[in-house]
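These protein sequence lines are chains C and F, in that order. Residues 51 to 477, numbered by the numbering used here, are exactly what the first sequence covers, in order. Residues 51 to 477, numbered by the numbering used here, are exactly what the second sequence covers, in order. A virtual CB, placed ideally from N, CA and C, is assigned to each residue, including glycine. Below: the structure, in structure tokens.
2 protein chains.
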Amino acid sequence: MSNLQKVAVLGAGTVGSQVIRLIEESQAELEARSGAKLEVNAVVVRNLDSKRDYEIKRELLTTDANAAIDGADIVIELIGGIEPAFTHVKRALSRGATVITGNKALLAKHGAELYELAEANDTDLYFEAAVAGAIPIVYGLRESIAGDRVNRLLGIVNGTTNFILDQMSTTGATYEAALKKAQELGFAEADPTADVEGLDAAAKCAIMASLAFHTRVSIDDVEVEGITGITAEDVAEAAKNGMVVKLLAVAQRRGEEGILAQVYPALVPNTHPLAMVSGAFNAVLLDNESAGRLMFYGQGAGGTPTASAVLSDLVAGASHRVLGGHAPRESRYADLPVLDPSMAQARFQLRLKVAERPGVLAEVSSVFGNNGVSLLTVSQDVAEGDVASLSLSTHTTSGAQMDAVRRELAESEVVLSVESVLRIEGE
Amino acid sequence: MSNLQKVAVLGAGTVGSQVIRLIEESQAELEARSGAKLEVNAVVVRNLDSKRDYEIKRELLTTDANAAIDGADIVIELIGGIEPAFTHVKRALSRGATVITGNKALLAKHGAELYELAEANDTDLYFEAAVAGAIPIVYGLRESIAGDRVNRLLGIVNGTTNFILDQMSTTGATYEAALKKAQELGFAEADPTADVEGLDAAAKCAIMASLAFHTRVSIDDVEVEGITGITAEDVAEAAKNGMVVKLLAVAQRRGEEGILAQVYPALVPNTHPLAMVSGAFNAVLLDNESAGRLMFYGQGAGGTPTASAVLSDLVAGASHRVLGGHAPRESRYADLPVLDPSMAQARFQLRLKVAERPGVLAEVSSVFGNNGVSLLTVSQDVAEGDVASLSLSTHTTSGAQMDAVRRELAESEVVLSVESVLRIEGE
Chain C
51 MSNLQKVAVL
61 GAGTVGSQVI
71 RLIEESQAEL
81 EARSGAKLEV
91 NAVVVRNLDS
101 KRDYEIKREL
111 LTTDANAAID
121 GADIVIELIG
131 GIEPAFTHVK
141 RALSRGATVI
151 TGNKALLAKH
161 GAELYELAEA
171 NDTDLYFEAA
181 VAGAIPIVYG
191 LRESIAGDRV
201 NRLLGIVNGT
211 TNFILDQMST
221 TGATYEAALK
231 KAQELGFAEA
241 DPTADVEGLD
251 AAAKCAIMAS
261 LAFHTRVSID
271 DVEVEGITGI
281 TAEDVAEAAK
291 NGMVVKLLAV
301 AQRRGEEGIL
311 AQVYPALVPN
321 THPLAMVSGA
331 FNAVLLDNES
341 AGRLMFYGQG
351 AGGTPTASAV
361 LSDLVAGASH
371 RVLGGHAPRE
381 SRYADLPVLD
391 PSMAQARFQL
401 RLKVAERPGV
411 LAEVSSVFGN
421 NGVSLLTVSQ
431 DVAEGDVASL
441 SLSTHTTSGA
451 QMDAVRRELA
461 ESEVVLSVES
471 VLRIEGE
Chain F
51 MSNLQKVAVL
61 GAGTVGSQVI
71 RLIEESQAEL
81 EARSGAKLEV
91 NAVVVRNLDS
101 KRDYEIKREL
111 LTTDANAAID
121 GADIVIELIG
131 GIEPAFTHVK
141 RALSRGATVI
151 TGNKALLAKH
161 GAELYELAEA
171 NDTDLYFEAA
181 VAGAIPIVYG
191 LRESIAGDRV
201 NRLLGIVNGT
211 TNFILDQMST
221 TGATYEAALK
231 KAQELGFAEA
241 DPTADVEGLD
251 AAAKCAIMAS
261 LAFHTRVSID
271 DVEVEGITGI
281 TAEDVAEAAK
291 NGMVVKLLAV
301 AQRRGEEGIL
311 AQVYPALVPN
321 THPLAMVSGA
331 FNAVLLDNES
341 AGRLMFYGQG
351 AGGTPTASAV
361 LSDLVAGASH
371 RVLGGHAPRE
381 SRYADLPVLD
391 PSMAQARFQL
401 RLKVAERPGV
411 LAEVSSVFGN
421 NGVSLLTVSQ
431 DVAEGDVASL
441 SLSTHTTSGA
451 QMDAVRRELA
461 ESEVVLSVES
471 VLRIEGE
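Shown next, in the form of structure tokens:
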């Protein structure tokens with residue numbers, strides 16, 4: 051059997067052009083590692099004349115995706131978004147090609163169908179690049195932790211929001227100013243919605259939760275709260291208390307009962323391993339039954355780091371085609387119910403503006419008591435005129451209970467405004 | 051084909067007994083994940099009546115290793131040390147059994163022969179548990195980073211020395227007192243030589259370097275310096291400069307020229323990701339060509355965490371036996387020369403006792419200059435009588451040059467003693 055493997059790359063943007071460069075530059079090494087001679091024989095682009103980060107041989111460029119797919123043993127999909135990526139990936143898998151994708155949106159939405167198609171056609175689907183750039187969390191969950199039980203997964207998996215929150219924390223900037231800075235520096239897109247509303251993190255959360263809990267989890271199962279409501283005051287108050295604000299992807303297993311998947315901004319103590327994850331870096335923490343805590347840390351985005359993840363998949367995929375074996379199949383035997391995220395327990399911190407008069411603290415406290423939420427700390431700032439600022443933290447309670455507290459506080463006549471409600475991560 | 055896989059466990063100590071417990075307790079999960087029904091049918095021990103952490107069914111226990119190996123599809127070797135482990139593992143591989151081992155000493159010494167034997171018999175050798183307990187660094191290097199080039203690897207991979215150095219750092223204890231504490235708490239053995247002299251870290255360094263650089267590296271290739279020379283003064287001086295002392299395993303590639311592997315105690319700035327790795331935790335940092343910096347962090351030892359690593363290998367190994375495919379073979383195509391470790395470059399910090407009289411600083415400085423080493427900082431403490439303490443740090447220089455400086459300082463009549471010479475990690 052020839053060990054030649056023809057590779058089609060769909061999309062030659064930031065990641066795609068680096069993938070092509072690395073395949074060309076490290077051909078001998080990749081062959082030594084995979085047993086396969088890898089040859090890129092088509093690069094599908096929308097515009098043949100676009101300027102690219104790496105100059106691709108003109109004869110490889112094509113706009114005909116179907117012909118490229120049909121001529122390939124291995125298809126690398128780096129277009130992003132649902133269509134036409136979905137159609138292309140289905141076509142490739144149906145023809146028995148190995149597919150490598152970095153498309154989190156596609157997987158979080160249609161992962162189940164793609165897995166089934168790969169299995170039905172006796173081929174493999176790889177997606178290390180879809181979650182947290184260069185960090186090998188897909189390998190970690192699919193293989194490294196396969197002999198253990200993951201209880202909880204906690205990640206900083208979106209570089210844009212991490213950059214914005216960092217800016218706010220280090221410079222005291224408002225959310226709007228920090229977003230503008232991020233856009234100027236190319237860390238945020240012109241339309242930043244997918245990042246700042248937490249949707250990108252939610253897609254990654256769904257993919258990681260599926261792998262961690264051997265259960266299908268789609269993006270629609272993830273409760274999402276973004277960072278657009280985070281204010282300079284939230285960040286300053288956090289700093290005062292030795293904490294930072296981070297956008298977290300959180301997935302957890304409640305025994306045999308089911309799983310919970312959420313994305314939300316939270317207060318993270320400075321002593322927590324995730325507190326030091328700054329800028330474009332990502333990290334994923336796993337709390338496991340036997341292994342205890344594991345952390346994976348690295349660059350969460352960028353052309354070259356993400357291309358590195360694609361190339362690892364390429365070595366594995368090519369090796370399996372030439373030497374036999376398969377990528378791990380979809381593991382969904384546990385088939386745990388996805389629970390209502392409002393059941394998830396957490397500690398909360400609230401900032402309120404209240405009327406400055408006797409009896410207010412008792413009234414506010416009673417709202418928590420009425421809803422079965424116990425307070426851990428209460429502190430009141432010096433009043434400005436007849437308005438006082440209250441900062442309260444709770445013992446562990448459910449999101450549903452906090453929602454009830456929040457509603458009742460909003461209706462209370464002594465509460466002028468609920469400035470913020472944030473979860474606190476860690477002990 | 052039956053999916054039953056018979057497992058023999060050699061050794062039922064801290065890790066072995068947890069492995070047996072986990073296989074028994076999670077049989078259904080392991081079958082769902084691997085496709086194989088796993089049955090422990092022999093546990094080889096030296097003494098049938100020893101008390102164990104987990105009560106093993108009496109009928110499984112045996113002292114006959116050969117019979118146990120011959121009756122098994124998968125052999126898990128957790129005896130440790132070279133013999134009889136080496137003989138047992140060779141027997142198992144020769145019979146085509148899959149071998150899973152946590153034996154770093156064996157691999158660092160005879161890994162090449164075992165790899166060849168596995169390949170010749172078309173079977174697999176797994177060893178995630180041999181390096182850094184629960185941290186999946188073997189998976190990381192064998193698979194996750196297979197599409198990239200590792201330039202440098204930096205690890206805290208020995209929990210005993212990390213505990214001792216932590217104790218010294220947090221309590222101001224001497225090395226001897228911290229070692230005694232570690233022994234009392236079970237973090238250090240009665241004979242702590244392998245840990246404190248850096249030999250355990252060196253074995254792990256050799257294994258990781260082999261995987262990272264696709265080159266055979268044995269423990270004899272690793273330059274080793276332990277922590278027995280570290281004093282309370284070293285630790286206090288480090289703290290004064292915003293640093294901590296850590297025992298590091300360091301392996302690096304110098305382009306096509308070759309590789310270097312070393313274990314030494316170094317000064318690590320508090321802002322460095324490895325500075326926060328305390329107590330029984332381990333971490334490995336990889337600096338890669340495309341992916342940039344990746345870090346893996348977790349528990350480096352202990353029965354249950356290490357058993358988790360064994361079970362991941364068990365799932366992979368059993369799955370390959372039942373569903374086809376193989377573990378990655380030994381990858382040594384790069385076959386880079388292992389260079390003389392004294393070529394390795396680093397910044398150094400020295401503490402000297404010198405005579406308190408005019409011209410001393412000039413004389414000391416000239417020793418560095420004569421050997422082509424430039425000084426970065428020099429500070430002198432207030433003299434006690436006619437003895438002054440000098441603290442100096444250098445620009446990047448080679449170990450060989452520093453050895454020359456050290457020899458000349460020792461002979462200088464103004465230098466009363468060279469108190470310590472430590473490398474500084476990071477920028």
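(request) Identify whether residue 177/F lies in helix, strand or coil by the three-state DSSP scheme. (result) As a working note, residue 177/F is residue 127 in the second sequence. Coil.
(message) At the level of alpha carbons, what is the spacing between residue 412/F and residue 465/F?
(response) Within the second sequence, the letter at position 362 stands for residue 412/F. Within the second sequence, the letter at position 415 stands for residue 465/F. Each residue's Cα considered, the two are about 12 Å apart.
(request) Rounded to whole angstroms, what's the CA-CA distance from residue 478/F to residue 320/F? Just pull it up for me. (result) One cannot answer for residue 478/F here, as it falls past the ends of chain F, which runs 51 to 477.
(message) To the nearest angstrom, how far is the alpha carbon of residue 252/F from that of residue 282/F?
(response) Against the second sequence, residue 252/F aligns to sequence position 202. Against the second sequence, residue 282/F aligns to sequence position 232. If you take the alpha carbons of residue 252/F and residue 282/F, they lie about 24 Å apart.
(message) Please report the distance separating the alpha-carbon of residue 153/F from that of residue 245/F.
(response) To locate residue 153/F, count along the second sequence from 1; it is residue 103. To locate residue 245/F, count along the second sequence from 1; it is residue 195. Cα to Cα, the separation comes out at about 15 Å.
(request) For residue 426/C, count neighbouring Cβ atoms within 10 angstroms of its own Cβ and tell me buried if that reaches 16, exposed if not. (result) The sequence position of residue 426/C within the first sequence is 376, counting from 1. Exposed.
(request) Taking only the alpha-carbon atoms, compute the straight-line gap between residue 74/F and residue 271/F and give it to the nearest angstrom. (result) By 1-based counting over the second sequence, the position of residue 74/F is 24. By 1-based counting over the second sequence, the position of residue 271/F is 221. Cα to Cα, residue 74/F sits roughly 40 Å from residue 271/F.
(request) For the beta strand (DSSP E) holding residue 317/F, just list the boundary residues, first then last. (result) Counting from one through the second sequence, the residue named residue 317/F turns up at place 267. Residues 308–319.
(message) Quick check: the Cα distance between residue 44/C and residue 164/C, rounded to an integer number of angstroms?
(response) Nothing can be reported for residue 44/C, as the shown portion of chain C is limited to 51 through 477.
(message) Helix, strand or coil, according to DSSP, for residue 270/F in the structure here?
(response) Taking the first residue of the second sequence as 1, we reach residue 270/F at position 220. DSSP places residue 270/F in helix when its eight states are reduced to three.
(message) I'd like to know whether the C-beta atoms of residue 458/C and residue 423/C end up nearer to each other than 8 Å.
(response) Position 408 of the first sequence, counted from the first residue, corresponds to residue 458/C. Position 373 of the first sequence, counted from the first residue, corresponds to residue 423/C. In this structure, residue 423/C does not lie closer than 8 Å to residue 458/C by Cβ.
(message) Does any residue of chain C have a CB that is nearer than 8 Å to the CB of residue 110/F?
(response) Here residue 110/F corresponds to residue number 60 of the second sequence, with the count starting at 1. It does not; no Cβ of chain C falls within 8 Å.
(message) What does DSSP give as the partner residue(s) for residue 351/C in the beta ladder?
(response) The sequence position of residue 351/C within the first sequence is 301, counting from 1. The partner list for residue 351/C (beta bridge, DSSP) is empty, contrary to what the question assumes.
(request) Report the three-state DSSP secondary structure of residue 423/C (helix, strand or coil). (result) Stepping through the first sequence from its first residue, residue 423/C is reached at position 373. Three-state result, residue 423/C: coil.
(request) Give me whichever residues DSSP pairs with residue 293/F in a beta bridge. (result) Taking the second sequence and counting its residues from 1, one reaches residue 293/F at position 243. In the DSSP output, where bridge partners are listed per residue, residue 293/F has 319/F.
(message) Against chain C, does residue 269/F count as a neighbour if the rule is that its beta carbon must be under 8 Å from one of theirs?
(response) Against the second sequence, residue 269/F aligns to sequence position 219. By this cut-off, residue 269/F is not an interface position.
(request) Buried or exposed for residue 460/C, please, with buried defined as at least 16 other CB atoms from any protein chain shown within 10 angstroms of its CB. (result) On the first sequence, residue 460/C is found 410 positions in, with the first residue counted as 1. With fewer than 16 Cβ atoms within 10 Å of its Cβ, residue 460/C is classed as exposed.
(message) On the criterion of 16 or more Cβ atoms from any shown chain inside 10 Å, does residue 132/F qualify as buried, or is it exposed?
(response) Numbered from its first residue, the second sequence carries residue 132/F at position 82. So residue 132/F ends up on the exposed side.
(request) From the DSSP output, in three-state form, read off residue 285/C for me. (result) Position 235 of the first sequence, counted from the first residue, corresponds to residue 285/C. Residue 285/C: helix per DSSP, three-state reduction.
(request) Could you please tell me which residues of the stretch 191–211 of chain C, in chain order, have their CB closer than 8 Å to any CB of chain F? (result) 193, 194, 195, 196, 197, 198 and 199
(request) Could you tell me which residues DSSP pairs with residue 398/F in its beta bridges? (result) Here residue 398/F refers to the residue found at position 348 of the second sequence. According to DSSP, which records beta bridges pairwise, residue 398/F is partnered with 473/F.
(message) Taking 7 Å as the limit between beta carbons, can you name the residues of its chain near residue 338/F, skipping five residues before and five after?
(response) Start at 1 with the first residue of the second sequence, and residue 338/F comes out as number 288. Result list for residue 338/F: 195, 198, 199, 200, 201 and 344, in chain order.
(request) Tell me where the beta strand (DSSP E) around residue 150/F begins and ends. (result) Along the second sequence, read from residue 1 onward, the residue named residue 150/F stands at position 100. That run of the beta strand (DSSP E) goes 148–151.
(request) Flag residue 343/F as yes if its beta-carbon sits less than 8 Å from any beta-carbon of chain C, otherwise no. (result) If you number the second sequence from 1, residue 343/F lands on position 293. Cβ-Cβ to chain C under 8 Å: yes for residue 343/F.
(message) Between which residues of its own chain and residue 405/F is the CB-CB distance below 6 Å, once the five residues before and five after are set aside?
(response) Within the second sequence, residue 405/F is the residue found at index 355, counting from 1. These residues qualify, in order along the chain: 464.
(message) Does the CB of residue 338/C have a neighbour CB from chain F at under 8 Å?
(response) Here residue 338/C refers to the residue found at position 288 of the first sequence. Residue 338/C counts as touching chain F.
(request) Mind checking the stretch 163–179 of chain F against chain C and listing, in chain order, the residues whose C-beta falls within less than 7 Å of any C-beta there? (result) none
(request) Give a yes or no on whether 8 Å exceeds the smallest Cβ distance from residue 82/C to chain F. (result) Sequence index remark: in the first sequence, residue 82/C carries index 32 (1-based). For residue 82/C, the answer is yes, since a Cβ of chain F falls inside 8 Å of its Cβ.
(request) State whether the stretch 201–215 of chain C contacts the stretch 364–374 of chain C, with contact taken as three or more CB pairs (one from each stretch) at a distance under 8 Å. (result) no
(message) Let me make sure I understand the geometry here. Which of 69/C, 52/C, 84/C and 64/C has the alpha-carbon closest to that of residue 383/F?
(response) Numbered from 1 along the second sequence, position 333 holds the residue referred to as residue 383/F. Checking every option, the nearest Cα to that of residue 383/F belongs to 84/C.
(message) Can you tell me whether residue 190/F is helix, strand or coil according to DSSP?
(response) Residue 190/F sits at position 140 when you count from the first residue of the second sequence. DSSP places residue 190/F in helix when its eight states are reduced to three.
(message) Can you confirm whether the stretch 321–340 of chain C touches the stretch 163–180 of chain F when touching is taken to mean that 3 or more C-beta pairs between the two stretches lie within less than 8 Å?
(response) no
(request) Can you give me, in chain order, the residues of the stretch 257–282 of chain F that have a beta carbon less than 9 Å from any beta carbon in chain C? (result) 264
(message) Taking the straight line between their C-alpha atoms, what separation do you get for residue 77/C and residue 69/C?
(response) Start at 1 with the first residue of the first sequence, and residue 77/C comes out as number 27. Start at 1 with the first residue of the first sequence, and residue 69/C comes out as number 19. Roughly 12 Å between the two C-alpha positions.
(request) Consider the Cβ of residue 445/F: report whether some Cβ of chain C lies at a distance smaller than 8 Å. (result) Within the second sequence, residue 445/F is the residue found at index 395, counting from 1. Chain C contact via Cβ: absent.
(message) Can you check whether the C-beta of residue 354/C is within less than 8 Å of a C-beta belonging to chain F?
(response) The residue labelled residue 354/C in the question sits at position 304 within the first sequence. So yes, residue 354/C belongs to the interface.
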